[in-house]
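For the working numbering, add 17 to where a residue sits in the sequence shown, where the first one is 1.
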Amino acid sequence: METLSYRVLKQQGYPGYLLEDAPEKVLQFGEGNFLRAFVNYWFDAANEKAGWNGKCVLVQPIAQGLAKLINDQQGLYTLYLRGRENGEQVDKKRVVSSVSRCLDPYEKEGFDAMMAVAVSDDLEYVVSNTTEAGIVYDPACKLEDAPAASFPGKLTQVLYKRWQAGKGGLIVLSCELIDNNGKELLKCVDQYADQWGLEDGFKQYLHGECVFCSTLVDRIVPGRVRDAAEMARMEAENGYHDQLIDVGEVFGVWNIEGPAWLEDKLPFKAAGLNCPVVPDVTPYKKRKVRILNGAHTGFVLGACLAGFDIVRDCMQDDTVRGFMNKMLYEEVIPTLPLDKKDLEGFAAAVQDRFNNPFVDHELMSISLNSTSKWRARNLPSLLEYVEAKGILPPCLTMSFAAYTAFFSSGIQGLTDQGLVCRRPAGDEYVCSDDRWVLETYYSHRNDSAEALIHAVMTDERMWGRDLTQIPGFETAAASGLRLIREKGAKAAYASCL
18 METLSYRVLK QQGYPGYLLE DAPEKVLQFG EGNFLRAFVN YWFDAANEKA GWNGKCVLVQ
78 PIAQGLAKLI NDQQGLYTLY LRGRENGEQV DKKRVVSSVS RCLDPYEKEG FDAMMAVAVS
138 DDLEYVVSNT TEAGIVYDPA CKLEDAPAAS FPGKLTQVLY KRWQAGKGGL IVLSCELIDN
198 NGKELLKCVD QYADQWGLED GFKQYLHGEC VFCSTLVDRI VPGRVRDAAE MARMEAENGY
258 HDQLIDVGEV FGVWNIEGPA WLEDKLPFKA AGLNCPVVPD VTPYKKRKVR ILNGAHTGFV
318 LGACLAGFDI VRDCMQDDTV RGFMNKMLYE EVIPTLPLDK KDLEGFAAAV QDRFNNPFVD
378 HELMSISLNS TSKWRARNLP SLLEYVEAKG ILPPCLTMSF AAYTAFFSSG IQGLTDQGLV
438 CRRPAGDEYV CSDDRWVLET YYSHRNDSAE ALIHAVMTDE RMWGRDLTQI PGFETAAASG
498 LRLIREKGAK AAYASCL
């Protein structure tokens, strides 16, 4: 079977959209599954639906990467977008043709090519996703390195070369999953400009002509197909060999913090893609953390005790799904500073995303580090609800009870792997969290519901505060824990409906 290429697709009479040649308008640091299923797909859709007519040059951010595979396939790869949308199952496939090539800057030829792209008149955007550890200032980097070791160092080299050539500023779209990613990236570039003694004119260029945007990306990307039989079936159906097959969910939103004019400059709005340009991305991050991530942490621990193993099965159960939806619509959404219709639309999409027939998302994987997750994702909603309404939110309160139940259900022992507990059905599971958290629960393994809730709520290392100071919370959570212990988590969730 031949490898995917433009020639192979033409021979097959491929009926989908392809763009073989176009100006290279994007320099992208990162070539992994997420960027190819999200950013490069979006630019591909912009080519097809908005006549953007552009290509993305990818840069391998570390010494070992995908450059050779990408170039062997002329930048082409097959993308499957799978899941549920508006309650209907979706399984879409397309060959993405927005990538021109991939550069390895750790080879002289690749570094020289990156610097040549830097001074191109066609270049408009820099995109990056170099993992959360990518936006770091490494003082060991030097201007004359080829390349600088850190991503911000490489970007400084690119922008300085462009400024020296008298070329216009670029729009930098940072996709790393850290707060204020664009601002943090600019801060690192400023540090290199100072360390390397670069001219004041270059610093003015960074802050005057270049636009560093903080962004929030949201799409679940499982990535490569790991099942050999499924991979063989796909390749047989496609009629070509593709080492870069990528898989993502259907849902996707890209919130970009920037000036108002940017929304019309970017090709995404014209292509009908969900990419709002906003003055502050913070509320949208709060929306994602409180609704999407908060939903996970809010229901999965009790659902696990009730005998469920994957998220999709939870969404097909009236009680668990009803508990999650009541928590989101009646308790979380009222605390968020965005348009209610927008929030409800996002929450509705969450149910579809959790009901994805193509992803077996295990509850135990979501349960990792649940203490810090509940503190970051669920506690703020509870506190703000109490402040606004003067009463406790029943589902979030029961969620806390389920959290304590998960870490105290039939404790068998504390091992190097974690806290060994037992579900009511008799099978064991292992809680993974900070060691001191596990030790706390182990030391209280024989406590009554009231004693355990008191011990956990008053541990300020866990919550940054004494939760017993929230009026009625200790009593209500202890009552919830007793109900879970006596009648089961599903009955406890049902009592909230």
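Here a beta-carbon is modelled for each residue, glycine too, at the ideal position from N, C-alpha and C.
What did DSSP end up calling LYS159 once you bin it into helix, strand or coil?
As a first step, residue 159 is located in the sequence shown; it is residue number 142 there, counting from the start. If DSSP states are grouped into helix, strand and coil, LYS159 belongs with coil.
Counterpart residues of GLU201 in DSSP-defined beta bridges:
Numbered from its first residue, the sequence shown carries residue 201 at position 184. Residue pairing of GLU201 in beta bridges, as defined by DSSP: absent, with no partner found.
Pick out whichever of LEU120, ASP211, TRP59 and PHE268 has its Cα sitting closest to the Cα of LEU86.
Taking the sequence shown and counting its residues from 1, one reaches residue 86 at position 69. Between LEU86 and the set LEU120, ASP211, TRP59 and PHE268, the nearest pair of CA atoms involves LEU120.
Own chain partners of VAL306 with C-beta closer than 6 Å, once the 5 adjacent residues on each side are dropped:
The residue you call residue 306 lines up with position 289 of the sequence shown. Non-local C-beta neighbours of VAL306 in its own chain, meaning closer than 6 Å and more than five positions away in sequence, comprise ARG394, ordered along the chain.
Exposed or buried, which one is SER465 when buried takes at least 16 other CB atoms within 10 Å?
Residue numbering aside, residue 465 sits at position 448 when the sequence shown is read from its first letter. Residue environment: SER465 is assigned as exposed (fewer than 16 neighbouring CB atoms within 10 Å of its CB, all protein chains considered).
Alpha carbon of PHE268 to alpha carbon of PHE371, nearest angstrom:
Counting from 1 along the sequence shown, the entry for residue 268 is found at position 251. Counting from 1 along the sequence shown, the entry for residue 371 is found at position 354. Our two residues, PHE268 and PHE371, have alpha carbons roughly 11 Å apart in a direct line.
Assigned secondary structure, THR475 (DSSP; H/G/I helix, E/B strand, else coil)
Indexing the sequence shown from 1 puts residue 475 at position 458. Coil, per DSSP.
Short Cβ contact (8 Å threshold) for LEU187 with GLU141
Translated into positions along the sequence shown, residue 187 becomes position 170. Translated into positions along the sequence shown, residue 141 becomes position 124. In this structure, GLU141 lies closer than 8 Å to LEU187 by Cβ.
Taking the alpha-carbon of LYS390 as reference, which of LYS286, LEU194, THR314 and CYS292 has the nearest alpha-carbon?
Mapped onto the sequence shown, residue 390 falls at position 373. Closest by C-alpha distance to LYS390, out of LYS286, LEU194, THR314 and CYS292, is THR314.
Report the three-state DSSP secondary structure of CYS119 (helix, strand or coil).
As a first step, residue 119 must be located in the sequence shown, where it is residue number 102. Correct three-state label for CYS119: strand.
With C-beta atoms as the reference, is TYR154 less than 8 Å away from PRO164?
Residue mapping note: residue 154 aligns to position 137 of the sequence shown, counting from 1. Residue mapping note: residue 164 aligns to position 147 of the sequence shown, counting from 1. No, Cβ-Cβ distance for TYR154 and PRO164 is not below 8 Å.
Under 7 Å from any heavy atom of the ligand SAH, does the C-beta of TRP180 make it?
Absent from the structure shown: the ligand SAH. Ligands present: none.
Please state the DSSP three-state secondary structure of ILE79.
Within the sequence shown, numbered from 1, the residue matching residue 79 stands at position 62. Here ILE79 sits in coil by DSSP.
What did DSSP end up calling VAL454 once you bin it into helix, strand or coil?
The residue given as residue 454 occupies position 437 in the sequence shown. The answer is helix: DSSP assigns VAL454 an H, G or I state.
What whole-angstrom Cβ distance do TRP271 and VAL234 have, given they're in contact under 8 Å?
Here residue 271 refers to the residue found at position 254 of the sequence shown. Here residue 234 refers to the residue found at position 217 of the sequence shown. Their Cβ separation, rounded to whole angstroms, is 6 Å, which keeps TRP271 and VAL234 in contact under 8 Å.
Return the chain-ordered list of same chain residues with a C-beta closer than 8 Å to the C-beta of GLN333, the five sequence neighbours on each side being excluded.
The count along the sequence shown starts at 1 and reaches residue 333 at position 316. So the list reads ASN372, once near-sequence residues are dropped.
Rounded C-beta distance between VAL56 and CYS230? I'm assuming under 8 Å.
As a position in the sequence shown, residue 56 is number 39, starting the count at 1. As a position in the sequence shown, residue 230 is number 213, starting the count at 1. Their Cβ separation, rounded to whole angstroms, is 13 Å, which puts VAL56 and CYS230 out of contact at 8 Å.
Could you tell me the boundaries of the alpha helix (DSSP H) in which GLU401 lies?
Walking along the sequence shown from the start, residue 401 turns up at place 384. Bounds of the alpha helix (DSSP H) holding GLU401 are 396-406.
Rounded separation between GLU404 and PRO411 - CA only
The residue given as residue 404 occupies position 387 in the sequence shown. The residue given as residue 411 occupies position 394 in the sequence shown. Pairing GLU404 with PRO411, the inter-Cα distance amounts to about 14 Å.
Between which residues of its own chain and GLN434 is the CB-CB distance below 6 Å, once the five residues before and five after are set aside?
By one-based count along the sequence shown, residue 434 stands at place 417. Its chain contains VAL447 as the residues whose beta carbon lies nearer than 6 Å to that of GLN434, once the 5 sequence neighbours on both sides are disregarded; these appear in chain order.
Beta strand (DSSP E) segment containing TRP180, residue limits
Numbered from 1 along the sequence shown, position 163 holds the residue referred to as residue 180. Segment 168-181 is the alpha helix (DSSP H) holding TRP180; no beta strand (DSSP E) there.
What does DSSP give as the partner residues of SER231 in its beta bridges?
Within the sequence shown, the letter at position 214 stands for residue 231. Note: SER231 is bridge-paired with SER191 in the DSSP secondary-structure output.
Thinking just about the alpha-carbon of each residue, which of SER425, GLY362, PHE46 and PRO293 is nearest to the one in HIS461?
Locating residue 461 in the sequence shown gives position 444, counting from the first residue. Per the Cα distances, SER425.
Nonlocal neighbours in the same chain, by C-beta distance under 7 Å from TYR222, ignoring five residues either side
On the sequence shown, position 205 is the one that residue 222 refers to. Closer than 7 Å at the Cβ level, and outside the excluded window around TYR222, lie TRP180 and GLY186.
Three-way DSSP call (helix, strand, coil) for ASP108 in this model:
Here residue 108 refers to the residue found at position 91 of the sequence shown. Strand at ASP108.
Between the Cα of VAL376 and the Cα atoms of LYS27, ARG99 and GLU41, which residue gives the shortest distance?
For the purposes of this step, residue 376 is taken as the residue at position 359 of the sequence shown. When each option's Cα is compared against that of VAL376, the closest is ARG99.
If I measure Cβ to Cβ from SER496 and keep anything under 7 Å in the same chain, skipping five residues before and after, which residues do I get?
Here residue 496 corresponds to residue number 479 of the sequence shown, with the count starting at 1. In its chain, beyond the 5 residues on either side, no residue has a beta carbon closer than 7 Å to the beta carbon of SER496.
Taking the alpha-carbon positions, what's the ALA508 to VAL337 distance?
Here residue 508 is taken as the residue at index 491 of the sequence shown, counted from 1. Here residue 337 is taken as the residue at index 320 of the sequence shown, counted from 1. ALA508 and VAL337: Cα-Cα distance of roughly 10 Å.
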